[in-house]
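S.K.: What the sequence shown shows, in mature numbering (1 follows the signal peptide of the UniProt record, and there is no 0), is residues -26 to -1, 1 to 1133, in sequence order. The structure follows.
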Amino acid sequence: MALRSKLWRLVMRFFLIALVTTHCLARVSQSDLRSTLVAEHSRKTHRDHREVPEGHDDQTFAQLLGSVEDLQQKMKASPTANVIAPLQAFTDQFAKSAQARGQNDDFSAEMGGKYNRFSTTSFDANFKTHSLCESWNSGGQSDNLEWSESADRLLRIIGNGVVKNGYNMFMAPGQSQGLATNVSVAVYIESMSSFKAQTMDFEVDMYLAMGWYDRRLAHNCTHPILITHKFIADRLWQPDLYFVNSKFAYLQEVTAPNFMVIVYPDGLIFKSMRIDVTLSCMMDLQRFPMDKQECPLVIQSYAYIENILNLTWHEEPPNFPIGSNTEIKLNDMVITNTRTEKCSGPYPMFRGHGNWSCIRAFIVMKRLVLFHIIQTYIPTGMLVSISWMSFWLDPRASPARISLTITSLLTLTTMSNGARQDLPQVSYIKALDIWLTFSQALIFLVLLEYSFVSYYMTKRNLECPHRAPPNYVATPYSHNNNVAQRYRAESPVANIRNRHTSIDSGHPHAKAVNSYSMTTGLSHCMNSTAALMAATPHGGAHLYSKFDSSKPCQKCANENEMIARQIDKYSRSLFPAAFACFSFTYWWYYDWLSLVLLLMQVARASWMEEIGWAHQLRSGKRSMKIVAMLSSVKILRFGDLVKLYRIVRCLTMVLVYWTIFFKSVSGNLFGSFEIVLLSSFSNCTMRLLTLGRPVARLFSTSSAVLAAPLHGADGGLRSHPIAAKTPKITDMKSAFSAVRSGDQIFVHANSATPAPMLKGLWEHVKENNLKNITTHGLLLDGDVPWNNTECDGVIRSNHLFTGATCRKSVNEGRADFNSVFLSDTPLLFRRGAIKLNVAILHVSPPDANGFCSLGTCVDCSRAAWMTADHVIAMVNKNMPRTFGDSIIHSSNIDVMVRDDSFALPELPVRSPGEQEAKIGKLIAENLVDDGATLQMGIGGIPDAVLPALKNHRDLGIHTEMFSDGALDLIARGVVNNKLKKIIPGKILTTFVYGTRKLYDFLDDNPMVEFGDVQWVNDPSIIRQNPKVTAINSCVEIDLTGQVVSDSVGKKFLSGFGGQVDYIRGAALSNDGLGRPIIAMPSTTNKGETKIVPFLSEGGGVVTTRAHVHYVVTDFGIAQLWGKNMRQRAYELIQIAHPDHRESLEKSAFERLKVMPSAD
């Protein structure tokens, strides 16, 4: 049934696509037919200089033609001529009516400039119409250019252009009234040259069109006036536009100056010209040749400020504001997109000030990589592969192997120089450089490999155990040896002497019997001589064996040759594998990663839409039977499942990657069918992998490898429902039946701390006499029952962050504290450093679809419930429903307990003190810019900064947490998040802590997004936002800039939190405008200085001196980045309390051996 249902849905989808396509084609055909008829009749009408019949308005036309269906029937049944007349009457009359209505300011404003798109006309409603045409040729207005009036008629108005009949060519139309002239601009690109990387520019042949209203030129002629001569055009006021980023530009003048000016009866001026412009484009070639370039086209008025001349793009797709010839084809680039924007900025002057209006267009292009693949990548790959042939040649063939490798290296070097010759000499590394350098290094390593092979093949082992004879031990002779040594040295001589004696004094025919051949005698003589030499004293000279020392040992030579051949054998696999891994990583990273991610997003979306089959597989009996069978025969373990998952995932990625690779290099776009096919394949693969969580449960093992947050820390999978699975609804007493001795338990923390659940857990532990239980979490709010001495050995807390509720137990040793970056806390669970058995959550009630919310706190709780074996949740209607990574489906929860009586912990709002108020004002007025992205912690200083930001604009919030202080800025519109790069338009956080007012604000509020803290606090994510401003407090700071934030002396105060994450993210801000701020009062409540010569004993450094940029106290701001120790000490002393500055200067001198100074 499921398969039949899927096939039916697929057939219906194709049917709908075909139906929509047919409908669109019919509409296009109808539109083309009507346009053709109108154009044909218009040419005939104006060729005869006929006037347009009047009196036909919209209603008349509707009565004349009826509905669109009637028109289609008439087109089919009647000759074309029968339809042309009424259609043309309506068209001309509608144009005339629109032109007349455009003169009415109220109507134009009401219609949003629909009929007069170039500008508004409100500044001169009572303009004077000049009488330039005869009575028979006036009274109506036509925009059709098939007939136009002679340009000399304008001489009656403009004269010589200098204050003639009120016309002044030196003043803009609205300048005398103190109003700006709105000039709309459009560009049509006729042709383009290839982009020159060496000079970083490109040439454009284009039509530049502009329009504005000059009511001083309004006339009574029916038709517009066409100007093609400079004699008259130069006597009109025209915008003085120029291209800001042009290197060279000129107006085409073959066979005549290519420009025209049209003056419409109502004063609308339209000017068009054809120009050639060479535009500069500062290209970023780091990804060359897989790069994408965004080249600007900036147009600005040269002389008129924004209050006199205001530039805008003429928005009328598809041809405006940027149109282009569809036949444009560049050699190595393809235009993928164009976008426009309006801008303004000051221009430095000797005197006076003002902003100049400008407009920008960006031409987005992608380089076609196929040329470089054929010319560079494939040849270099072949050269690298050829060099590997050396591994298959005989190790003794030195000339062949060396010449092959050297030739490959030299050829590759020449090819590299040729590939780079057309590129500019830039100071950064390009993608092509990485490929060529790695290829050269690989061939060099081939040469180096042969040097090792050659060494072992020619190695001479002159001292080895195989060389000595069986009954002979070589012993060096010395005059000072003892008797035993001398006896051993003489024994060879005695042996030779005895042997010769026996030969001479033996049988009478011994000489004949023992006669030697020449060869045998010579060999025997030489051996005997060698033995005698070895036994002869030589003043301590070391004389050894009788064997020839210049001849290598054959056994050692064989062993060395075996080593050399083993090196070649391993190299045959190692070098190709290294090159293949590099190639895959290289292409994956530089060109097709974004497309693959896009396809995977499509696959995931489709998976979420049609997840039913996967759910049946996850919970079905068949899958459980398979798992049970594999488990019983010990074929499958969880570790094997993880490996299988990774292998299948890699194979899926390889298939999708190569498909995109071949499509991209061929320059073809993806069709809808191909995208569906790839998405379907990815879906099926991912669906098979959904067995992970049931298998993990079956083997009592965490399924962390398959758990993933929404925003990408572990892959981006959402919390999805599990078919045929519902949570068990029970009471508090029975909720913890799955808890056993030795369990590792996660507890939801901060403002989401489920206090009733803590009490219920403690009762269950005592009742069942459980031991060695450990709870994990951030800061638990309220009373934790087991933080006392009677719980030793029973249950113990491991806090990932400390605070007022657990600080005492941690410092007294009754609880543990894990010091870790807040962004790393989810990794403790995902990487198995802490293997959770149970997760206790506090969630909102399920909605109609069964989805709950983690409410006010996501932080690391998402990673906890996705990696725990058993999930228990307290459902509370007082918990606000939030969005993002906080969503969890009820089927992912094993046990639910309902408790609507529990009120969430609240953090009361307190007024900042005098010191904090001063610090807040200093930060707001000096360090927070408009458009900044804020991160603020919790406490008096952040609460003091926020009220001081009321006069700022366009602020955004990307923070680990926030409190009530942000609500007023949100209500005032100060915080609108529209300039943020990460989830623009929304506040991004990971938990909140405040009053009920804050919790009510969050409930069902889509403008606040909660994310996994591993992703939210990632410095590489934070840095992408504009003007990241991180505001964090500390306990003390020494004169070199070391910051202590989590301890007071030997006592733990809090934890690392996200301070370092955001300080680093702000310092690395992509726009270079980030401001990492450490703020604190200059003194403690007891009057002691917080800027100290040395950190207190036991104090731990949270933020190092290398991370600190700004330090703010109630006495000023110290900028430390880029300063040496002497300058740092000076800056910090200047913002210390005046009562302590002298002692700090003395301490600084004793520590640094130099007096602190600013220079």
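Heads up, the beta-carbon is just placed ideally off N, CA and C, and yes, glycines get one too. Every value quoted in this text rests on a predicted model; they were computed, and no experiment measured them.
Please go through the region 1026 to 1057 and give each complete alpha helix (DSSP H) segment of 4 or more residues, from N-terminal end onward.
M.R.: Those alpha helix (DSSP H) runs which fall completely within the region 1026 to 1057 and span 4+ residues are 1033 to 1041.
S.K.: Would M853 and V871 be called neighbours here (beta carbons separated by less than 7 Å)?
M.R.: Along the sequence shown, one-based indexing puts residue 853 at 879. Along the sequence shown, one-based indexing puts residue 871 at 897. In this structure, V871 does not lie closer than 7 Å to M853 by Cβ.
S.K.: Would you say the beta carbon of R781 comes nearer than 6 Å to a heavy atom of the ligand FAD?
M.R.: The model on display carries no ligand, and the ligand FAD is accordingly not part of it.
S.K.: Quick one: residues in its chain with C-beta nearer than 7 Å to the C-beta of Y973, no 5 flanking neighbours on either side, listed in chain order?
M.R.: Reading the sequence shown from its first residue, position 999 is the one you call residue 973. Same-chain partners within the cutoff: T830, P854 and L878.
S.K.: Less than 7 Å between the beta carbons of L810 and A842, yes or no?
M.R.: Within the sequence shown, numbered from 1, the residue matching residue 810 stands at position 836. Within the sequence shown, numbered from 1, the residue matching residue 842 stands at position 868. Yes; because the gap between Cβ atoms is below 7 Å, this pair is in contact.
S.K.: At a cut of 8 Å, does the region 880 to 896 reach the region 766 to 781 through at least three beta carbon pairs?
M.R.: With a cut-off of 8 Å, the region 766 to 781 and the region 880 to 896 do not count as touching, because too few Cβ pairs lie within range.
S.K.: Here's the rule: buried if 16 or more other CB atoms are within 10 angstroms of the residue's CB, otherwise exposed. What is T1058?
M.R.: The count along the sequence shown starts at 1 and reaches residue 1058 at position 1084. Under this definition T1058 is an exposed residue.
S.K.: Would you mind reading off the limits of the alpha helix (DSSP H) that contains D942?
M.R.: As a first step, residue 942 is located in the sequence shown; it is residue number 968 there, counting from the start. Start and end: G939 to R946.
S.K.: With 16 other CB atoms within 10 Å as the buried threshold, where does D258 fall?
M.R.: The residue given as residue 258 occupies position 284 in the sequence shown. Burial call: exposed.
S.K.: Pair every Cβ in the region 247 to 255 with every Cβ in the region 174 to 190, then say whether three or more of these pairs are closer than 8 Å.
M.R.: Yes, the region 247 to 255 is in contact with the region 174 to 190.
S.K.: Considering only the alpha carbon of each residue, which of I956, L419 and W366 lies closest to Q540?
M.R.: The residue labelled residue 540 in the question sits at position 566 within the sequence shown. Minimum Cα distance to Q540 is reached at W366.
S.K.: Shortest alpha-carbon distance to A807 belongs to which of G858, W409, Q718 and V1066?
M.R.: If you number the sequence shown from 1, residue 807 lands on position 833. Out of G858, W409, Q718 and V1066, Q718 has the C-alpha closest to the C-alpha of A807.
S.K.: Once DSSP output is grouped into helix, strand and coil, what is the label at G806?
M.R.: Taking the sequence shown and counting its residues from 1, the one referred to as residue 806 is at position 832. Reduced to three states, the DSSP call for G806 is coil.
S.K.: Can the beta-carbon of V832 be found less than 7 Å from the beta-carbon of F984?
M.R.: The residue you call residue 832 lines up with position 858 of the sequence shown. The residue you call residue 984 lines up with position 1010 of the sequence shown. Against a cut-off of 7 Å, the Cβ pair of F984 and V832 comes out as a contact.
S.K.: Within a Cβ cutoff of 7 Å, which residues of the same chain sit near Y321, ignoring the five residues on either side of it in sequence?
M.R.: Taking the first residue of the sequence shown as 1, we reach residue 321 at position 347. If we look at Y321 and ignore the five residues flanking it on each side, its Cβ neighbours are W330.
S.K.: Can you tell me which residues form a DSSP beta bridge with L242?
M.R.: Here residue 242 refers to the residue found at position 268 of the sequence shown. Answer is Y187.
S.K.: If you run the structure through DSSP and keep just helix, strand and coil, what is D478?
M.R.: As a position in the sequence shown, residue 478 is number 504, starting the count at 1. Here D478 scores only 43 on pLDDT, less than 50, and its place in the model should not be relied on; the value that follows carries that caveat. Helix at D478.
S.K.: Taking C555 as part of the alpha helix (DSSP H), name the residues at either end of that continuous run.
M.R.: Translated into positions along the sequence shown, residue 555 becomes position 581. Taken as a continuous stretch (DSSP letters only), the alpha helix (DSSP H) holding C555 covers Q528 to W561.
S.K.: Can you tell me which of the three DSSP states H327 falls into?
M.R.: Stepping through the sequence shown from its first residue, residue 327 is reached at position 353. DSSP places H327 in coil when its eight states are reduced to three.
S.K.: Rounded to whole angstroms, what's the CA-CA distance from M1099 to V982? Just pull it up for me.
M.R.: Position 1125 of the sequence shown, counted from the first residue, corresponds to residue 1099. Position 1008 of the sequence shown, counted from the first residue, corresponds to residue 982. When rounded, the distance between both Cα atoms is 42 Å.
S.K.: Need the endpoints of the alpha helix (DSSP H) that V209 sits in, please.
M.R.: By one-based count along the sequence shown, residue 209 stands at place 235. Sequence inspection shows Arg at residue 209; the Val mentioned does not correspond to that position. Here R209 belongs to no alpha helix (DSSP H), and DSSP marks it neither H nor E.
S.K.: Could you check whether P263 and Y238 sit closer than 7 Å to each other, using their CB atoms as the reference points?
M.R.: Along the sequence shown, one-based indexing puts residue 238 at 264. Along the sequence shown, one-based indexing puts residue 263 at 289. Cβ distance not < 7 Å, so Y238 and P263 don't count as in contact.
S.K.: Apart from the five residues just before and just after V1085, which ones in its own chain have a Cβ nearer than 6 Å to its Cβ?
M.R.: The residue given as residue 1085 occupies position 1111 in the sequence shown. I1052 and A1092, listed in sequence order.
S.K.: As an exercise, report each continuous beta strand (DSSP E) stretch of at least 3 residues that is fully enclosed by the region 718 to 771, in chain order.
M.R.: Listed in chain order, the complete beta strand (DSSP E) runs (minimum 3 residues) inside the region 718 to 771 are 718 to 721 and 747 to 751.
S.K.: Within 10 angstroms of its Cβ, does A552 collect 16 or more other Cβ (buried), or is it exposed?
M.R.: Translated into positions along the sequence shown, residue 552 becomes position 578. That one is exposed.
S.K.: Starting from F412, trace the alpha helix (DSSP H) both ways and give me its first and last residue.
M.R.: Here residue 412 is taken as the residue at index 438 of the sequence shown, counted from 1. F412 -> alpha helix (DSSP H) spans A405 to T432.
S.K.: Mapping the DSSP letters down to three states, classify I961 as helix, strand or coil.
M.R.: Start at 1 with the first residue of the sequence shown, and residue 961 comes out as number 987. Here I961 sits in strand by DSSP.
S.K.: Report the partner residues of A813 according to the DSSP bridge assignment.
M.R.: The sequence position of residue 813 within the sequence shown is 839, counting from 1. Paired residue(s): F720 and V845.
S.K.: Pick out whichever of R1079, F556, Y564 and Y424 has its Cα sitting closest to the Cα of F412.
M.R.: Counting from 1 along the sequence shown, the entry for residue 412 is found at position 438. The candidate whose alpha carbon is nearest that of F412 is F556.
S.K.: Any idea if P820 is buried or exposed, counting beta-carbon neighbours within 10 angstroms, 16 or more meaning buried?
M.R.: Here the question's residue 820 lines up with position 846 in the sequence shown. So P820 counts as buried.
S.K.: Using alpha carbons as the reference points, say which of A729, G1072 and A1132 lies closest to K1097.
M.R.: For the purposes of this step, residue 1097 is taken as residue 1123 along the sequence shown, with counting starting at 1. Out of A729, G1072 and A1132, A1132 has the C-alpha closest to the C-alpha of K1097.
S.K.: Taking 7 Å as the cut-off, decide whether the C-beta atoms of H863 and P695 are in contact.
M.R.: Locating residue 863 in the sequence shown gives position 889, counting from the first residue. Locating residue 695 in the sequence shown gives position 721, counting from the first residue. Contact: yes.
S.K.: What would DSSP say about G914, mapped onto helix, strand or coil?
M.R.: As a first step, residue 914 must be located in the sequence shown, where it is residue number 940. Looking at G914 - three-state DSSP - the assignment turns out to be helix.
S.K.: Tell me the rounded alpha-carbon separation between V902 and V343.
M.R.: For the purposes of this step, residue 902 is identified with residue 928 of the sequence shown, where counting begins at 1. For the purposes of this step, residue 343 is identified with residue 369 of the sequence shown, where counting begins at 1. Cα-Cα distance, rounded: 44 Å.
S.K.: What residues match up with L271 in a beta bridge as DSSP calls it?
M.R.: In the sequence shown, residue 271 corresponds to position 297, counting from 1. The partner list for L271 (beta bridge, DSSP) reads A335.
S.K.: Helix, strand or coil for A393 per DSSP?
M.R.: Here residue 393 refers to the residue found at position 419 when the sequence shown is read from its first residue. A393: helix per DSSP, three-state reduction.
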